Amino acid sequence: MGPNQARRTVAVSEYDPQALQAKWQQRWEEQETYRASEDPADPRERRYMLDMFPYPSGDLHMGHGEVFALGDVVARYWMQKGYNVLHPIGWDSFGLPAENAAIKRNAHPAEWTYANIETQANSFRRYGISFDWSRRLHTSDPDYFRWNQWLFIRFFERGLAYRKGGLVNWCPNDQTVLANEQVVAGKCERCGADVIRRELTQWYFKITDYAQRLLDDMEQLTGWPERLLTMQRNWIGRSEGADVLFEIEGRDEPVHVYTTRPDTLYGATFFVVAADAALADEIVTDEQRPAFEAYRAEVAKLSDIERLATDKEKTGVFLGRYAINPVNGERIPVWAADYVLSDYGHGAIMAVPAHDQRDLDFARKFDLPVKVVVHTGLADPGETGEATPGEGTLVNSGPLDGLTKTEAITKIIEILETQGRGTGAVNFRLRDWLLSRQRYWGTPIPIIHCPDCGEVPVPDEQLPVTLPDLRGEALAPKGVSPLASATEWVNVECPKCAGPAQRDTDTMDTFVDSSWYFLRYCSPGYNDGPFDPEQVRKWGPIDQYVGGIEHAVLHLLYSRFFTKVLHDMGMVDFTEPFQRMLNQGQVINGGKAMSKSLGNGVDLGQQIDDFGVDAVRLTMVFAGPPEDDIDWADVSPAASQKFLARALRVMSEVTSEPGVAFDGGDTELRKVTHHTIDEATKLIESQRFNVAVARMMELTSATRKAIDSGPGPADPAVREAAETLAVLLSLVAPYTAEEGWERLGRTGSVAFAGWPVADPALLVQESVTCVVQVAGKVRDRLEVSPDISEDELRALALASEKIAPYVQGMPRKVIVRAPKLVNIVP
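Okay, so the sequence shown: first residue is 5 according to my numbering, each after it adds one.
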């Protein structure tokens, strides 16, 4: 009895996923199986695979189960293809949930945070993800956020970090400000509370300086989904038009108005200023001030979404002033209204009611004039109540009469520039990134406020500025940062003049932490900067990034901005951080998002206990295309477990010895194996992972058939098929694949066995089966050449003796899909 036969005396009828997990998890950890090589002599090409790192709010959930299973398919495929793969893990560990938990528990946020990190780390190890654990990081560690502060200071020195007062988005529940990107439909992106506007002095990053580059560089992002690119383009919101100068009676300086339709200037019949803009407060007359202040107080209660709603009744108040239309000298009344926002353009607009519906609604409400200046062929808006914003011929517009929209825009900009009353201009919807937060558990902003020296950066040698020890009720939100109460921490000497000064008491938005973490993974122990530029040069940019579409604007936009600044600083060689993006769908249950209130939650840990890691991972990947939602009610991890048991049994029953020459094996099974290799390779490359799993299942069935009723378990083709199955299966079911590889007598991890290469000679199809239907029912099957023409196939089908009884005379229609289908309609 040979060694291979002795190995198979082990019972294989039972598939015990828990035993496999314990065995292989321990071995992977002991051998550091997935550690990326740092050997400069390693000749392998490097690949960087990255999953969006998790927040430690508790144990892993079903969403984690999906996204990390998908990312691991890519990482393991690259390992099999012979690349030196970096696949790191870390935690986005600052943030409000930890702080709120600490308040409830009368504890420090770090206690909750790091306990959850360890829980998740253990679950990740159990889940079998191919992480390089040597590069693990936590953004709440001082040796990480030290570099947040270092980068902030560099941005500050370059004029990209600045502090200003103004209206900001305020979450009354979380008691902190929010960036525009964190307000969704007028509500806090995190807690769902209605966001209000509040006057505060805050820190900003000048992302608007990079608005055009953020747009232009999208040409590099050929590996991103178009949907994601569209969301970024829309958020940046580039538009072309003109900056027009309007004189306001009684005001020395003209007011800038940005418009995308300067061709309609002759149709401007009134002027609108945002009710909460400083300009409105400045120009309102004493007579109108009581009405204006009452109105402004009402507007303050509204969210931006409510103010911009098209179905909302227009409101406003006359400010007692008149503006001068620069093209015709007409006096037009100045109103304050809620449908103009103070941060759009310059917070003021020229109102052209004939050609803008919001302006028309306002004009009809307050009986203001409506003047048509673009003839579109439609009825007069003043009579119909329907504005005509489309293109047409200019009328009632002096020198613009008879011109098209495009011609008129060019002409009016020339006139404005010649007369010094305006210029062509580009505007962006994007606003600077508000990054300061009035909460404790975040990176302290490294600025000291001195009454004599102003804003002074903390010297680099004094970094990191760590947090004082606050916990429990001391962290409760009060409208200002809890750090303000830590007087011993706040009161310091000015680094410049040594006089009394105070630390900034705000902390940074946690999106700062995640805007560059992927660079730190390249050299997590580096002490001379946030990352080692040479290591980033070797690994970056990220070849594949995997994460949710919900980060299309927030995280991805900020990361792209950071990368461009770092490039300008000479720290990285690339301007885009992520070459390819994969967005996964949601895991839902019964057609609805999982929630406690609906009682439809599914626990990932329990699913793993019931069916095993591999069955859960395989189910996640097999459920559909990565971008589609997975309805857990419609899938079956139990069926996945049964398939894995069959696959392991197939690999366990092979009786030939390793190293046998495959070319002497059963030709038909070899063809199936090589077609599977060829198709699986193409499917993985195109991220159709679910179909690749289907091919693995078909190969398992074919190999099972060959063992039971074909050439038998000793045939070399059976070994080739089983070894191929182990390698392919390693992408989605690593425990089962490792065990099968070992039972096949192979040494070393299956993760590095090498991706099989299809033999072109075995891919040639001598014939294919063509199904012939009559009125939708199968009546014959023909063996035909895969290259047969439609005409030849039609003739063969109509000549079939099995078809003749069902077709009398010439059929009405014959549908041919060569070489696999003919459908005859008699």
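Glycine included, every Cβ here is placed at the ideal spot set by N, Cα and C.
The model shown is predicted, which means the values in this text are computed figures rather than measured ones.
Problem set entry | N104 - DSSP class collapsed to helix/strand/coil | helix
For this session: Measure the alpha-carbon distance for Q124 versus G609 and round it to whole angstroms.
Result: 11 Å
For this session: Consult DSSP for S705 and reduce its assignment to one of helix, strand or coil.
Result: helix
For this session: Pick helix, strand or coil for I353, following the three-state DSSP scheme.
Result: strand
Exercise. Taking contact to mean at least 3 C-beta pairs separated by less than 8 Å, is the segment 182-197 in contact with the segment 460-480?
Worked result: no
For this session: Whole angstroms is fine: what's the gap from T392's alpha carbon to E418's?
Result: 25 Å
Problem set entry | Bounding residues of the alpha helix (DSSP H) (the contiguous stretch that carries R362) | 361-369
Exercise. What is the DSSP secondary structure of V377, reduced to helix, strand or coil?
Worked result: coil
Problem set entry | S690 in three-state terms, based on DSSP | coil
Exercise. What's the gap between the Cα of R821 and the Cα of S771?
Worked result: 15 Å
Exercise. If we count the other Cβ atoms within 10 Å of its Cβ and call it buried at 16 or more, is S134 buried or exposed?
Worked result: buried
Exercise. Do R798 and V778 come within 8 Å of each other at the CB atom, strictly closer than that value?
Worked result: no
Exercise. Measuring CB to CB, does D347 end up less than 8 Å from R435?
Worked result: yes
For this session: Could you tell me the distance, in whole angstroms, from the CA atom of E702 to the CA atom of A597?
Result: 33 Å
Exercise. When you compare only the Cα positions, how much space is there between I413 and A355?
Worked result: 17 Å
For this session: Locate the alpha helix (DSSP H) running through S644, then write down its first and last residues.
Result: 641-656
For this session: Let me know the beta strand (DSSP E) ranges lying completely inside the segment 580-616, each 3 residues or longer, listed in chain order.
Result: 585-588, 591-593
Exercise. What residue range is occupied by the uninterrupted beta strand (DSSP E) comprising S518?
Worked result: Where S518 is concerned, there is no enclosing beta strand (DSSP E), given that its DSSP letter is neither H nor E.
Problem set entry | Neighbourhood of L831 by C-beta, 6 Å cutoff - its chain only, sequence neighbours within 5 removed | A query on residue 831 cannot be resolved here, the shown segment of the chain reaching from 5 to 830 and no further.
For this session: Please state whether DSSP places P7 in a helix, a strand or coil.
Result: For P7, the pLDDT reaches just 39, beneath the cut-off of 50, and the residue's location in the model is therefore unreliable, although a value from the coordinates is still provided. Of the three classes helix, strand and coil, the one that applies to P7 here is helix, per DSSP.
Exercise. Roughly how many angstroms lie between the CA atoms of P337 and F322, to the nearest whole one?
Worked result: 7 Å
For this session: From the DSSP output, in three-state form, read off G838 for me.
Result: Since the first residue of the chain shown is 5 and the last is 830, residue 838 is not available in this structure.
For this session: Kindly provide the ranges of any beta strand (DSSP E) runs that are 3 or more residues long and lie completely inside the segment 445-494, ordered along the chain.
Result: 451-454, 458-461
Exercise. Taking all protein chains shown into account, do 16 or more other C-beta atoms lie within 10 angstroms of the C-beta of A10, making it buried, or fewer, making it exposed?
Worked result: Bear in mind that the predicted position of A10 carries a pLDDT of just 39, short of 50, making it unreliable; the figure below should be weighed with that in mind. With fewer than 16 Cβ atoms within 10 Å of its Cβ, A10 is classed as exposed.
Exercise. If you scan the segment 293-321 from start to end, which runs of the alpha helix (DSSP H) of 4 or more residues do you find wholly inside it?
Worked result: 293-303, 308-312
Exercise. Taking Cβ to Cβ, would you say P330 is nearer than 8 Å to F250?
Worked result: yes
Problem set entry | C-alpha gap between L570 and M56, whole angstroms | 20 Å
Exercise. Pick from Y549, W520, V550: whose alpha carbon is nearest that of V540?
Worked result: W520
Exercise. According to the neighbour-count rule (16 or more other Cβ atoms, all chains shown, within 10 Å of its Cβ), is A15 buried or exposed?
Worked result: Because A15 carries a pLDDT of 41, less than 50, the predicted location of this residue cannot be relied on, and the following value inherits that uncertainty. Under this definition A15 is an exposed residue.
For this session: May I ask you to report which of helix, strand or coil DSSP gives T180?
Result: strand
For this session: Pick out whichever of V496, P823, S793, E796 has its Cα sitting closest to the Cα of V775.
Result: P823
For this session: Check whether the Cβ atoms of T677 and T623 sit closer than 8 Å, and answer yes or no.
Result: no
For this session: Using only alpha-carbon positions, find the residue among D473, P641, R325, R335 that is nearest to N110.
Result: D473
Problem set entry | Alpha-carbon spacing of K409 relative to E395, whole angstroms | 6 Å
For this session: Under 8 Å by Cβ, that's how I've got H350 and V494 pegged, so tell me the actual separation to the nearest angstrom.
Result: Actually they are not in contact, since the Cβ atoms of H350 and V494 sit about 37 Å apart, beyond 8 Å.
Problem set entry | Beta-carbon gap between L900 and A665 smaller than 8 Å | Absent from the model: residue 900. The displayed extent of the chain is 5 to 830, so no value can be given.
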